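Residue numbers (the working numbering), protein chains in the order written: chain A, 143 to 256; chain B, 7 to 122. Think of the CB as a built atom: it goes at the ideal place given N, C-alpha and C, for glycine as much as any other residue. Since the structure is predicted, the reported quantities are computational estimates derived from the model, not experimental observations. The structure appears right after this line, and notes come after that.
Quick look at the structure:
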């Protein structure tokens, strides 16, 4: 069975600090997809990134970067120079190849203070 | 392109009452999902439709929850009768292509249900 663990319930940082959100997953499939979504106070989940299990290249998009390590079953998300607008709940999710069923972690609340 | 629309945004009911939520996915999106998000938890899939057929309803409490997508476009989720533990945000999502695990899902703003 697939499972996603986000051990950090809540993180508080001061603006301009870097912050890393951890995600550990479990799956028996060899082909799967990992996602990060952001949920701002408005409630709508916003897609940030997708990674497939055969692509372990790290990705950088502006202040966001993602580190995918199959050896440790982790897909961590780093925000560089955090801003107040980054305050939200961040979810890591896993989808196995045989169906488009997303399994979410419990989420990490990120609070960025000015 | 308009996003996923949901209504109402908020609903407060007494336990044992009935409630219905509506979702209109992004135009042309074949697959529609309903999720339940309890406070402090990640969304949990309730039901997945592909066009107007059910793909997965294994986690839908069928004794009280029902959902339909009659014309393969908009969808309604109903709870009858509601229990206190049904208090949650109900999220609707859609994807353009059916049955592809790599598809990003587009989410609506959700309906926050409070059962008293």
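query	result
Among the candidates 195(A), 149(A), 157(A) and 209(A), whose CA atom is the shortest distance from the CA of residue 239(A)?	195(A)
Can you name the residues of chain B whose CB is closer than 7 Å to the CB of residue 194(A)?	108
What separation, rounded to the nearest whole angstrom, lies between the Cα atoms of residue 153(A) and residue 253(A)?	6 Å
I'd like to check one pair, residue 179(A) with residue 193(A): are the Cβ atoms closer than 8 Å?	no
Between the alpha carbons of residue 90(B) and residue 172(A), how many angstroms are there, rounded?	40 Å
Would you verify that the beta carbon of residue 51(B) is, or is not, closer than 8 Å to some beta carbon of chain A?	yes
Classify residue 222(A) as helix, strand or coil using the three-state DSSP reduction.	coil
In its own chain, which residues sit with a C-beta less than 8 Å from the C-beta of residue 198(A), not counting the 5 before and 5 after it?	210, 211 and 212
Starting from the N-terminal side, write out each stretch of the beta strand (DSSP E) that is 3 residues or longer and does not extend beyond the region 158-211 of chain A.	161-163, 166-168, 174-181, 188-194, 201-203 and 206-211
Does residue 115(B) get closer than 8 Å to chain A when you measure Cβ to Cβ?	yes
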